[in-house]
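Okay, so here's the structure we're looking at.
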Amino acid sequence: MKYVILGSSAAGVNAAKEIRRVDEDGEILMISRDEIIYSRCILHHYLGNIRTVQQLDFTEPDFTEKYRVRFMKGREAVSVNCEERTVLLADGERVGFDRLLIATGSHTFIPPVKGMREAGNVIGFRNLCDIDRIKEALPRTEHVVVMGAGLVGLDTVSGLLENDVKPVVVELADHLLCRQLDKKAAAVYEAAMSEKGVRQYYGTGVQELFCDREGNVKELLLSDGSRIPCDLLIVTAGVRANVEFLEECQVETDRFGLLFDESGETNVPGIYGAGDVSGRAPIWPVAVKEGIIAGSNMAGGKRKMTDFFASKSTMNFFGIPTMSLGQAEPQDETELVETQEGKDGYKKIIHKNGRILGAIIQGDLSYSGVLQQLIARRIDVSRVKKPIFEIDYSDFFHVGDNFEYYYQEDIKDE
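When we follow UniProt numbering, the leftmost residue of the sequence shown carries the number 1, and every step to the right adds one.
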């Protein structure tokens with residue numbers, strides 16, 4: 001069996017490892033535009049000179065030898081022929097496959113703002129080459145603006161602060177990390193950034209760029225009418241799935257990205273997908289799990305992506321640990337919200353009909369383990385006769401005669 005994996009990040013690497021675990025003899029070929037394997041989640045450590053390029057590699061030193069993976073680095077797929085079962089590379093080579101995994105990830109989306117796509121000093125924060133360009137530009141840069149205050153935006157700010165650069169943050173939403181946090185939890189991070197000298201604009205977008213004769217941005221016009229100086233604009237406001245090379249084949253995509261089912265398989269038998277290429281849950285743990293599931297099924301397994309909570313984010317910006325699960329705000333009046341504040345931090349849980357839909361924990365994260373079990377096992381918290389923030393493992397885990405833990409499906413009313 002010949003397995004071809006397009007992409008060498010979290011999904012692709014973990015798929016390769018799982019394929020080898022299931023199939024000891026199959027041929028595994030990994031094709032990637034990248035020259036090395038690295039984690040995009042810690043690129044800000046490279047920007048902040050906390051890690052070297054080599055320390056960005058999240059695999060074992062002997063990864064390719066241990067799992068017998070042929071790594072075709074610096075190569076790009078430009079099309080897939082589903083009938084012939086081949087991948088065409090940019091240099092004209094065709095690579096055949098029995099099973100194909102599309103884990104090509106995503107790229108920075110540069111919005112169609114006037115002047116933004118033409119300016120020379122507008123850079124994304126997605127690939128190693130982006131960080132190299134930023135590091136090269138910083139010594140001759142005075143005014144850095146970060147466009148976007150999501151997870152990548154805050155990573156960018158953290159890396160810049162390590163370089164003693166105090167950027168300006170411009171975010172269209174009314175608070176940072178709007179997908180993960182509510183205003184209260186976000187305000188803690190906003191205050192921390194202010195203390196470090198980071199100016200922030202919320203509910204504000206970039207409306208126009210003004211460039212010099214060389215085509216480099218020098219000033220930004222914001223949607224509130226204000227003008228701010230800028231000689232380096234780092235765009236972290238969104239990504240787009242790398243699916244352009246699939247336009248001429250039968251593999252289905254939508255406006256977000258690649259479509260695949262709970263087994264990881266696309267509409268074309270034998271062709272699978274995993275990770276950010278779906279455009280739906282662009283976080284590391286999801287990519288890892290999807291890669292494992294797809295890899296297992298490519299090699300003949302029967303696994304499904306049903307045993308994890310897709311919208312989980314754990315962060316620790318500016319020494320403030322926070323975890324976000326699911327939705328940060330109630331969708332309507334039928335969803336109940338419970339909060340707790342104190343010296344240990346802030347907790348918030350959103351639930352409906354006894355099922356937890358979302359949660360935020362900031363500060364002491366010790367309750368997060370219980371919370372994740374409540375969500376993963378779909379425990380009806382309304383049947384536990386104690387306040388929601390006082391539920392512990394003893395309320396749903398029990399010890400049997402052999403001293404092993406088991407979960408009692410039906411919690412009896414007391």
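Using N, Cα and C, we set each Cβ at its ideal position, and we do this for glycine too. These numbers were taken from a predicted model, which means no experiment stands behind them.
Three-state class that DSSP yields for residue i in the structure shown
| i | result |
| --- | --- |
| S324 | strand |
| P229 | strand |
| H351 | strand |
| L222 | strand |
| N14 | helix |
| T253 | strand |
| D413 | Here D413 scores only 39 on pLDDT, less than 50, and its place in the model is too uncertain to base an answer on. |
| T156 | helix |
| K73 | strand |
| I36 | coil |
| K2 | strand |
| V239 | strand |
| Y367 | coil |
| K312 | strand |
| G124 | strand |
Chain-order list of residues whose beta-carbon lies under 6 Å from that of residue i (same chain, five-residue window excluded)
| i | result |
| --- | --- |
| G74 | E35 |
| G153 | V146, T236 |
| Q340 | K347, F389 |
| E171 | A149, Y202 |
| F109 | G238, V239, R240 |
8 Å Cβ cutoff met for residue i and residue j
| i | j | result |
| --- | --- | --- |
| L6 | L101 | yes |
| T236 | F125 | yes |
| E27 | K2 | yes |
| S9 | A287 | yes |
| E338 | I388 | yes |
| I31 | M72 | yes |
| V95 | V4 | yes |
| G358 | L336 | no |
| Y201 | L222 | yes |
| V22 | S194 | no |
| residue 415 | I123 | An answer regarding residue 415 cannot be provided, because it is not within the stretch 1 to 414 covered by the chain. |
| R33 | M298 | no |
| D364 | D344 | yes |
Residues of its chain near residue i, where Cβ-Cβ distance is below 8 Å and the 5 sequence neighbours each way are ignored
| i | result |
| --- | --- |
| residue 416 | This structure does not reach residue 416, given that the chain is present from 1 up to 414, and the question cannot be answered. |
| L151 | L177, Q180, I283, S313, M315 |
Option in the options with minimal Cα separation from residue i
| i | options | result |
| --- | --- | --- |
| A16 | Y46, I292, C211 | I292 |
| G275 | R20, G105, R70, M30 | G105 |
| I283 | A328, S226, E329, Q180 | Q180 |
| T64 | R20, T86, E248 | R20 |
| N25 | V69, D164, V13 | Here residue 25 is Asp; the residue named in the question, Asn, does not match the sequence. Of V69, D164, V13, the residue nearest in Cα terms is V69. |
| H143 | N121, V268, P330 | N121 |
| L233 | K289, I350, D130 | D130 |
| K352 | G363, A90, G342, Q327 | Q327 |
| F260 | E333, A294, P229 | A294 |
| V268 | A173, V157, N127, E84 | E84 |
| E136 | L160, D155, K114, V113 | L160 |
Spatial neighbours of residue i in its chain, beta-carbon cut-off 7 Å, leaving aside the 5 residues before and after
| i | result |
| --- | --- |
| A368 | One point to set straight first is that residue 368 is Ser, not Ala, in the sequence displayed. Correct list, in chain order: M323, I361. |
| V243 | T253, G257, L258, V277 |
| I50 | E162 |
| V301 | Looking at the sequence shown, residue 301 is not Val but Gly. Result list for G301: V22, in chain order. |
| P330 | V337, I350 |
Residue i CB to nearest heavy atom of the ligand ZN below 7 Å
| i | result |
| --- | --- |
| L88 | Summarising the ligand content, the structure contains no ligands, and the ligand ZN is consequently not present. |
Distance between beta carbons of residue j and residue i, contact taken as under 8 Å
| i | j | result |
| --- | --- | --- |
| A119 | C211 | 5 Å |
| G264 | Y272 | 4 Å |
| V165 | L209 | The Cβ separation is near 20 Å, so there is no contact. |
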